[in-house]
Amino acid sequence: MSETTHDGRVVVSDRPSPDDGLTAAELAAKYGLAVSGARPGLVEYVRQMWGRRHFILAFSQAKLTAQYSQAKLGQLWQVATPLLNALVYFLIFGLILNADRGMSREVYVPFLVTGVFVFTFTQSSVMAGVRAISGNLGLVRALHFPRASLPISFSLQQLQQLLFSMIVLFAVAVGFGSYPRLSWLLILPVLVLQFLFNTGLALVFARMGAKTPDLAQLMPFVMRTWMYASGVMFSIPVMLKDHPAWIADVLQWNPAAIYMDLMRFALIDGYGSENLPPHVWAVAAGWAALVAFGGFVYFWKAEERYGRG
Numbered sequence: 001m002s003e004t005t006h007d008g009r010v011v012v013s014d015r016p017s018p019d020d021g022l023t024a025a026e027l028a029a030k031y032g033l034a035v036s037g038a039r040p041g042l043v044e045y046v047r048q049m050w051g052r053r054h055f056i057l058a059f060s061q062a063k064l065t066a067q068y069s070q071a072k073l074g075q076l077w078q079v080a081t082p083l084l085n086a087l088v089y090f091l092i093f094g095l096i097l098n099a100d101r102g103m104s105r106e107v108y109v110p111f112l113v114t115g116v117f118v119f120t121f122t123q124s125s126v127m128a129g130v131r132a133i134s135g136n137l138g139l140v141r142a143l144h145f146p147r148a149s150l151p152i153s154f155s156l157q158q159l160q161q162l163l164f165s166m167i168v169l170f171a172v173a174v175g176f177g178s179y180p181r182l183s184w185l186l187i188l189p190v191l192v193l194q195f196l197f198n199t200g201l202a203l204v205f206a207r208m209g210a211k212t213p214d215l216a217q218l219m220p221f222v223m224r225t226w227m228y229a230s231g232v233m234f235s236i237p238v239m240l241k242d243h244p245a246w247i248a249d250v251l252q253w254n255p256a257a258i259y260m261d262l263m264r265f266a267l268i269d270g271y272g273s274e275n276l277p278p279h280v281w282a283v284a285a286g287w288a289a290l291v292a293f294g295g296f297v298y299f300w301k302a303e304e305r306y307g308r309g
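Under full-length UniProt numbering, the sequence shown has 188 at position 188, and the numbering climbs by one with no breaks.
The structure is reproduced here in structure tokens:
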């Protein structure tokens, strides 16, 4: 376009742009642009996760290998650490405080070791989940991938560590008179349900820890309280028999106690079904489904915010 000024000169002006007046959202839609790092739909997110399954497995194995790489005993600490914890608890609770009341020594020792190993599985998954995003910001900011891969990888790492430790757990059970039987097959569904539950918790705390890194300093106190309330070192019904029944019921229905008791029931000859709350398998499955699905959705809803300063 051109126009003549009052002094006779001709001035050429720019043509109006066809994009004039369009908002940023309208411009993005017109030219097919998308927000970088935008959250995909839930179904698409699951599909992306499945596509990264090899990365999730390899990452968990690499973390497991590196965990004790600086220690002279290496991977043996995977077994030595919970065993030493069990020994300390046995000396304090078994010998000094008589927390084994109602149980023979042949039952109490595998009871205690099983509780320590199983609770450590949940505890380690939660603690790793808290740091899954905040402790891997370089990876999160450098690469584009579903961020849920990280807490799931850490939960898988803890499952592999527990499977390695189960060899020692079996040896302890056999050493105290609990020999292999058909009920040992129940260990597999217990591990699957607990893994799903732990993964859901790891996802929840990964989102919380990404926003509040100081949560990692608080969680050891929370997990220690949960451990003492879950009957790791004692039988909840026996220890609380002189207290109102609802207290024992609440403690027995908490998921950590549920998975420990199911593992003890499967593994230990002298630990019968009378020690389990009613409908225990349905409750265990319910906890696993609720926390796994809820944790995944909760984490996914903040997908686009992870790694942003």
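Cβ atoms here follow ideal geometry from the backbone N, Cα and C, with glycine treated the same way.
- Apart from the 5 residues on each side of it in sequence, V190 sits with its Cβ closer than 7 angstroms to the Cβ of Y259, L262, M263, A266 in its chain, given in chain order.
- Of all C-beta pairs linking the segment 102-119 to the segment 79-90, three or more are shorter than 8 angstroms, placing the two stretches in contact.
- With a cutoff of 7 angstroms on beta-carbon distance, A284 and L193 are scored as near each other.
- The segment 123-132 makes contact with the segment 152-167, as at least three CB pairs between them are under 8 angstroms.
- Look at G177 here: in three-state DSSP terms it is coil, with no helix or strand label.
- The alpha-carbon separation between H279 and A248 amounts to approximately 16 angstroms.
- A straight-line Cα-Cα distance of about 16 angstroms links E304 and V204.
- Boundaries of the alpha helix (DSSP H) harbouring Y259: 255-267, taken from the DSSP string.
- Going by DSSP, I236 is part of the alpha helix (DSSP H) stretching over 236-239.
- The alpha-carbon of F145 is positioned some 21 angstroms away from that of L196.
- Going by beta carbons, S153 and I56 fall inside the 7 angstroms limit.
- Ranked by Cα distance from W287, the options Y45, A99, N198 are led by N198.
- About 43 angstroms separates the beta carbons of L143 and M233, which is beyond the 8 angstroms limit, so they are not a contact pair.
- The beta strand (DSSP E) runs of length 3 or more contained entirely in the segment 38-121 do not exist; there are none.
- In the three-state reduction of the DSSP assignment, V232 falls in the coil class, being assigned neither a helical nor a strand state.
- In the structure shown, I167 adopts helical secondary structure according to DSSP, grouped into three states.
- Spanning the alpha carbons of L240 and G94 requires a straight line of approximately 17 angstroms.
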